[in-house]
Amino acid sequence: RKAEAEKNRSVSNLRAAVICVLGHVDTGKTKILDKLRRTSVQAGEAGGITQQIGATNVPIENIKEQTKIVRGISQTEFRIPGLLIIDTPGHASFSNLRSRGSSLCDMAILVVDIMHGLEEQTIESLNLLKAKKTPFVVALNKIDRLYDWSTMSRKDVRDIISSQGPNTQNEFQTRTKQVILQFAEQGMNAALFYENPDPKTYVSLVPTSAITGEGMGNLLALLVTNCQSMLAKRLMFSEELQATVLEVKAITGLGTTIDCILVNGRLREGDTVVMATSDGGSIVTQIRSLLMPQPMKELRVKNDYIEHKEVVAAQGVKIAAKDLEKVIAGKILSVESGGVVCSGQPIISGLNILVARSPDEVEICKEEVVKDLARELGRIKLQDRGVLVQASTLGSLEALLEFLKDSKIPYSSVKIGPVVKRDVMKASSMLERENQYGTILAFDVKVERDAQELADQLGVKIFQADIIYHLFDQFTAHREQLKQQLRQQNKHVAVFPCKLRILPQYVFNSRDPIVMGVIVEDGIVCVGTPICVQSKEDPSQFLDLGIVSSIESNHKSVETARRGLEVCIKIENAGDSAPKMFGRHFDEKDMLLSKISRQSIDACKEYFREDLIKGDWQLMVELKKLFQIL
Ligand code: GDP
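Dropping the structure here:
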């Protein structure tokens, strides 16, 4: 069947291209989607936040209408039947659109605010696009905010820009250059779409305003022409089904449904579909109805769906079927040290749907979806020591893990689903091994109240966020705080190495306390450093003079003094032996040395590595030999 489907593909029968919108928060992703769809979803949603997942099919007729103003468009032959735009901006939708590691998204729009340039999540998105090798165009948005911009809608954006005043054009050029430079810093060539020397190696920037609509026609035109020129092969319609679940949703009157993106092939009412479930198994069920929104309407704005007997790719479609609720009532899946342990909710988001065309295909499909799931989970490599990671879907989990890997934060366990008591127990066992890893990073999932209470009791930290960077910031702040705590606790154990030469003309008090001028010959002397001298009778023995209780440099009290400085120090007897006296027990021919030990060396290495420079470590080695520390 596969071979036959492949044979029947042709460039004269293309499917709609699947488009995703990514970018930093507030760059205008929602507004751009909105304009592309010419509906007003943002205004209808609380705070303009888009939380739902769906897609809009923009038919080619509509695109033709919207691109009429684009210069030279009349020469373009439109060969794709339209664009299927995924409604939820951001990563989650992008990384949900995955198939065996690659992305089902054909082309992406990366939105950059021209006033801000590349921002944290722009780079995060860029890395995702690179990793999945997804081609993209950049919407250089909010051009209407350039100084003295005069709006001229219904025109090609090139003409709009060249009709601006000189100051506005200047600012446009400067900011665009800046963005191009920032792309170069990320290792990418970028150019304005009308100056692009080679669209295969340079990413195109399209100046847009999602508010005035300027440039939106150019953006659509570029998407279509790029898709046709670069992706014609990929966009050839195939009868081989390629469909991905984006979201599982309970809808009143319909029961549990799944929103899915049909990327290739067709689905028919009554088809037997097979999908992976959380328990590492699969469900087999018949499609009761295929539901689609009205043309040019977002998938879930209202519940007025049209039923279809058959849906042909590429489209966003809602599937109603029996047993989906059973799957939901199932268990949460988690992966622990390699093995798959199952309990809880389904994680079908991002995994493929298969259709069994005949009864004997059912078993084959079941095996395949189970294998697919195991393969996805098997990819995840866990560390013995590391944070615990939980996310809402396989796609969002993957995005987070990718980021943690790049940030060198190890993870010891991953799970899909909310944080429950059991997870906290697991984190607490990590706490015993290494404090900082007694942490759960909860990405876009709930934390049950009793789990939080238990965490507070046990000292397990749970960080919860729906933006990866926020989780990262919280965790790194926590790690820094733990580090400072440990440094504080180990301040007295860690002894920095120093070698001090006595300045005999500046001995102010010869005993109890000893107060004298010294020159720091090597290393670093600190308040709190224990001081000793080598015994004259037995060079393997050392006399303890006491602990440095204050240091004065140029009549100012200081905490530390480095090599080369002349300072006055006060050494107080630690009380464990009789006070030693300058002139009797030791004299100016003796070097004052910090008294180090195995324990102090270890503490320095563990908590104060950055405080000591190379020369200090060399002295440490010298003293270690002298004191015969193993
Ligand atoms: P998202 O977080 O990337 O989805 O950004 P939104 O689409 O919610 O936009 C963030 C804010 O920027 C909103 O207040 C929008 O009205 C505004 N905005 C978006 N696009 C433009 C634009 O092209 N020009 C101007 N002036 N404002 C814009």
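Heads up, the sequence shown is in my numbering, so the first residue is 2 and it goes up one at a time. Each residue gets a CB set at the ideal place from its N, CA and C atoms; glycine is no exception. If you're wondering where the values come from, they're calculated on a predicted model, not measured in any experiment.
Would you check whether the ligand GDP has a heavy atom nearer than 6 Å to the C-beta of residue i?
| i | result |
| --- | --- |
| R38 | no |
| V12 | no |
| G218 | no |
| G29 | yes |
| D145 | yes |
| I20 | no |
| V559 | no |
| I86 | no |
| A211 | yes |
| V356 | no |
| V26 | yes |
| K32 | yes |
| A168 | Residue identity differs from the one stated: residue 168 is Asn in this sequence, not Ala. It does not: the Cβ of N168 is nowhere closer than 6 Å to a heavy atom of the ligand GDP. |
| N171 | no |
| N142 | yes |
Out of the options, point me to the one whose CA is closest to residue i's CA.
| i | options | result |
| --- | --- | --- |
| L247 | G616, N190, Q489, I320 | I320 |
| Q316 | M293, P540, E560 | M293 |
| D577 | R72, L544, S164 | L544 |
| V445 | A466, E454, C21 | The question names Val, but residue 445 is Asp in the sequence shown. Nearest option by C-alpha distance: A466. |
| T123 | E7, G24, L193 | G24 |
| V249 | K571, S393, S551 | S393 |
| L594 | I520, R155, F476, R16 | I520 |
| D361 | Q243, N555, V275, D612 | V275 |
| Y619 | H471, K409, F497, C569 | The sequence given here places Gln at residue 619; Tyr does not occur at that position. The residue with the shortest Cα to Cα distance from Q619 is F497. |
| A456 | L432, F476, Q243, A478 | L432 |
| V59 | L459, D35, E399, V180 | D35 |
| L464 | Q76, V425, D617, V494 | Strictly speaking, residue 464 in this sequence is Phe, with Leu absent from that position. For the residues Q76, V425, D617, V494, the minimum Cα distance to F464 belongs to V425. |
| V19 | A244, E7, L147 | A244 |
| G418 | I441, S429, R585, S359 | I441 |
| A233 | L182, D107, I252 | D107 |
| V534 | G584, R563, E553 | G584 |
| E623 | V356, G524, Q458 | G524 |
| F509 | L291, E66, E553 | E553 |
| L501 | L627, E435, E241, A562 | A562 |
Locate the alpha helix (DSSP H) running through residue i, then write down its first and last residues.
| i | result |
| --- | --- |
| A452 | 450-459 |
| A428 | 422-434 |
| F473 | 469-491 |
| A1 | Outside the displayed span of the chain (2 to 631) sits residue 1, for which this structure offers no information. |
| C605 | 599-608 |
| N227 | 217-231 |
| V158 | 158-163 |
| A132 | 121-132 |
Within 7 Å of any Cβ in chain B, is that where the Cβ of residue i sits?
| i | result |
| --- | --- |
| D114 | Checking the listed chains, one finds no chain B in this structure; it contains a single protein chain. |
Bridge partners of residue i, per DSSP?
| i | result |
| --- | --- |
| A140 | V112, V207 |
| Q573 | Looking at the sequence shown, residue 573 is not Gln but Glu. DSSP lists I548 as partners of E573. |
| G83 | P60 |
| R269 | E311 |
| L627 | For L627, which the question treats as bridged, DSSP gives no partner whatsoever. |
| M293 | I307 |
| R563 | I525 |
| S554 | K557 |
| A192 | S205 |
| V71 | Paired residues: none, contrary to the question. |
| P531 | I548 |
| N353 | T245 |
| V671 | In the structure as shown, the chain begins at 2 and stops at 631. Residue 671 is therefore absent and cannot be evaluated. |
| L15 | M237 |
| T286 | V274 |
| M517 | V508, I570 |
| F543 | Q535 |
Specify, as a first and last residue, the run of the beta strand (DSSP E) that residue i falls within.
| i | result |
| --- | --- |
| V412 | Looking at the sequence shown, residue 412 is not Val but Tyr. Its beta strand (DSSP E) spans residues 412-417. |
| F509 | 499-510 |
| A443 | 440-444 |
| K3 | Looking at the DSSP string, K3 is not in any beta strand (DSSP E); the run it does join, the alpha helix (DSSP H), is 3-8. |
| L594 | 592-595 |
| L33 | Checking the sequence, you will find Ile at residue 33 rather than Leu. It is not in any beta strand (DSSP E) - I33 instead sits in the alpha helix (DSSP H) that spans 30-38. |
| I212 | It is not in any beta strand (DSSP E) - I212 carries neither H nor E in the DSSP assignment. |
| I463 | 462-466 |
| Q391 | 388-392 |
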